[in-house]
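Take a look at the structure below.
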Amino acid sequence: LFLKGKQCNIGKGQMERLFALGLDPADVASTVTKSKRSSAFSSDKWDAMFDSLREYKNQHGNCKVPVTMKTPLSKWVTTQRVEYKKLQDGKKSRLTLPQLQKLNDLGFVFQQCE
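Residue numbers (the numbering used here): 325 to 438.
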């Protein structure tokens, strides 16, 4: 389910083992199922916010969006951190492997530094 972009309970350790086995997230990304739901994690909405984060990085040189901005992007960034924390804790998360890889590749900071 995780590889198809659907919610499942997969922890950080399990993801690391998948990477160690040679799983290439770029190959998996093409198989992600596009969701019809209106969730912030639906593929189209997530990709649009990711593009906003990429624009932010181009303008500011980093992905450290201030959470005090209270913009859609700052709220989205906070949600990505919350979902990543769930993965670390072995809890159910809406963040998919391809999404996680895209954030990592962009240089997203999962641990917020004040």
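We put the CB at the ideal spot given by N, CA and C, even for glycine.
In the DSSP assignment, find the alpha helix (DSSP H) that holds residue i and state where it starts and stops.
i: Phe432; result: That residue, Phe432, is in no alpha helix (DSSP H); it is neither H nor E in DSSP.
i: Arg378; result: Ser367 to His384
i: Lys410; result: Pro396 to Gln412
Classify residue i as buried or exposed, calling it buried when 16 or more other Cβ atoms lie within 10 Å of its own Cβ.
i: Thr420; result: buried
i: Val433; result: exposed
i: Arg378; result: exposed
i: Lys426; result: buried
i: Pro422; result: buried
i: Met373; result: buried
i: Gln404; result: buried
Output needed for residue i: all residues of its chain with C-beta closer than 7 angstroms, excluding positions within five of it in sequence on either side, in chain order.
i: Glu407; result: Ser417, Arg418 and Leu419
i: Gln435; result: none
Can you find the residues in the same chain that come closer than 6 angstroms, C-beta to C-beta, to residue i, ignoring five residues on each side of it along the sequence?
i: Lys381; result: Cys387
i: Thr392; result: none
i: Val401; result: Val389
i: Lys394; result: none
i: Leu397; result: Ser376 and Val389
Can you list, in chain order, the residues of its chain with a C-beta nearer than 8 angstroms to that of residue i? Leave out the 5 residues immediately preceding and following it.
i: Gly431; result: Lys381, Asn386 and Cys387
i: Asp429; result: none
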